[in-house]
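Visitor:
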Amino acid sequence: MRSRARAHVATLFLSTVVASALLATGEGAAHAGTPSPPSSSSTGLPASVDGGAWASGHLQGTAIDRRRGHMYFSFTDLLVKTDLAGRPIGSVTGLTGHLGDLDFNSADGRVYGSLEYKAAQAFYVAIFDGSRITRMNMDARTTDVLSTVHLREVVRDYTADMNGDGVFDGDTGNTPDHRYGCSGIDGVAFGPDLNGRGGGRLTVAYGVYSNTARTDNDHQVLLQYDVRDWRKYERPLSEDALHTSGPASPGGKFFAYTGNTTYGVQNLEYDGGTGNWLMAVYKGKKAAFPNYGLYVLDGSKPARRGEVKGQPRPESGRIVSLLPRGLHHEPSGVYGYESGGQYGLVSLDDGRHYVAEAGTVDSGGTTLQTGRAVLHRWTGAVPNPFAVRGPGG
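Counting from 2, one number per residue, gives the positions in the sequence shown under the working numbering.
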């Protein structure tokens with residue numbers, strides 16, 4: 002949990018001033034700040050969108066509202082809203098938890114993200130009303146821009162006492178505790194029911210601890226929720242009294258066999274053009290697996306009942322299949338790719354994707370975190386299936 006966020010408010014104000022100065026002077030190549038968006042050959046969208054430079058955590062995720070022309074950037078304890086020229090429009094501060102991946106819900110016009118308070122054993126979907134984010138440094142706790150929904154299923158798996166010693170071992174991967182190696186949540190995306198029944202769902206992916214000594218943490222775990230009735234659960238953020246208002250269980254729980262990764266699915270995205278799901282991860286460390294950086298779920302195959310491998314007791318669950326394309330590791334049967342996307346991934350549903358890049362820039366002795374979304378096209382080539390979309394590309 003990031004308890005330093007309150008102390009950052011003044012520094013974030015300084016970051017806003019720095020960002021404005023960079024916009025005015027054109028200084029700092031690592032900071033966005035181009036007064037006009039780069040061309041992308043009549044695609045109607047810029048070749049890149051810069052998210053700015055901020056005193057915050059590193060870039061975690063991105064989302065786009067194409068109709069209004071806005072991009073959203075999650076910087077761990079800060080949400081930044083820009084136009085498509087990279088000009089800051091507003092920001093949300095005051096988050097002491099971990100804000101992760103983002104996705105835009107076209108059905109209600111709001112931005113959804115994962116929000117963790119591990120020390121308090123509390124996990125939420127954060128829901129931002131982008132229309133109300135109109136100025137910089139809006140406090141998440143005292144303004145009406147943010148509501149949250151508690152995810153009880155995540156808490157159950159995160160706090161599971163797997164070795165039966167009666168002790169919760171806390172936020173560490175070096176333990177047999179945490180069912181499926183659950184370290185919380187990160188990736189979020191809207192897309193169809195993984196059971197193949199149609200209908201829009203919010204999918205939330207587990208974080209998974211890196212631990213090479215256990216065998217029950219080799220799946221990516223995905224929860225699906227129908228959010229159409231979620232307003233009855235939504236509550237304002239109150240970090241002094243974290244609430245537990247949320248659904249009793251997910252509408253579906255699914256398992257993708259990839260091998261263990263380092264903190265699970267960092268960015269999850271549904272590609273409406275292909276019907277597939279993209280899972281960008283930090284690479285795992287188990288020698289028995291290929292440890293790719295990107296896995297693709299085959300959207301043409303509904304989940305099937307099957308074995309959840311490696312569990313302490315035999316267990317069955319809803320298994321989703323990897324797309325049989327890209328690199329193939331025969332010993333494990335795992336398919337995947339090597340690519341970016343761990344810091345942000347947005348599908349435009351037509352073969353184009355914004356793939357985010359994260360970095361840092363020095364500003365008067367202060368290290369600021371930077372991020373930008375760069376337009377790519379999906380080629381399916383190996384090892385990297387994304388190619389930067391240049392003029393005419």
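Backbone N, C-alpha and C fix where the C-beta goes; we use that ideal spot for every residue, glycine too. Note that this is a predicted model, so its numbers are computed, not measured.
Measure the alpha-carbon distance for L224 versus M139 and round it to whole angstroms.
Guide: So the alpha carbons of these two residues sit roughly 30 Å apart.
Visitor: Between the region 62-70 and the region 343-356, are three or more C-beta pairs nearer than 8 Å?
Guide: yes
Visitor: Considering only residues of the same chain and omitting the five flanking positions on each side of A382, which have a CB-CB separation below 8 Å?
Guide: A388
Visitor: Between which two residues does the beta strand (DSSP E) holding Y73 run?
Guide: Segment H71 to S75, the beta strand (DSSP E) holding Y73.
Visitor: From the DSSP output, read off the bridge partner residues of P193.
Guide: G201
Visitor: Out of L80, G253, G165 and E235, state which residue places its alpha-carbon closest to the alpha-carbon of P89.
Guide: L80
Visitor: Bridge partners for Y113 per DSSP, in chain order?
Guide: D104 and I128
Visitor: Just checking my contact of Y234 with V150 at CB under 8 Å: how many whole Å lie between their CB atoms?
Guide: 5 Å
Visitor: Who does H220 pair with in a DSSP beta bridge?
Guide: Y258
Visitor: In whole angstroms, what is the alpha-carbon distance linking G360 and P325?
Guide: Those two C-alpha atoms are separated by around 33 Å.
Visitor: Alpha carbon to alpha carbon, how far is E308 from Y344? Give it in angstroms, no decimals.
Guide: So the alpha carbons of these two residues sit roughly 31 Å apart.
Visitor: Where does the unbroken beta strand (DSSP E) through Y293 begin, and where does it stop?
Guide: Where Y293 is concerned, there is no enclosing beta strand (DSSP E), given that its DSSP letter is neither H nor E.
Visitor: Are there 16 or more other CB atoms within 10 angstroms of the CB of G192, so buried, or fewer, so exposed?
Guide: buried
Visitor: Is DSSP giving G208 helix, strand or coil here?
Guide: strand
Visitor: Taking 7 Å as the threshold (C-beta atoms), are G182 and N218 in contact?
Guide: yes
Visitor: Helix, strand or coil for D230? Go by DSSP, reduced to three states.
Guide: helix
Visitor: Could you check the C-alpha separation between G300 and D170 for me, to the nearest Å?
Guide: 37 Å
Visitor: Considering only the beta carbon of each residue, do G208 and Y264 sit closer than 7 Å?
Guide: yes
Visitor: Which residue comes first and which comes last in the alpha helix (DSSP H) that contains S336?
Guide: Sequence inspection shows Tyr at residue 336; the Ser mentioned does not correspond to that position. Under the DSSP assignment, Y336 falls outside any alpha helix (DSSP H), being part of the beta strand (DSSP E) whose first and last residues are V335 to G337.
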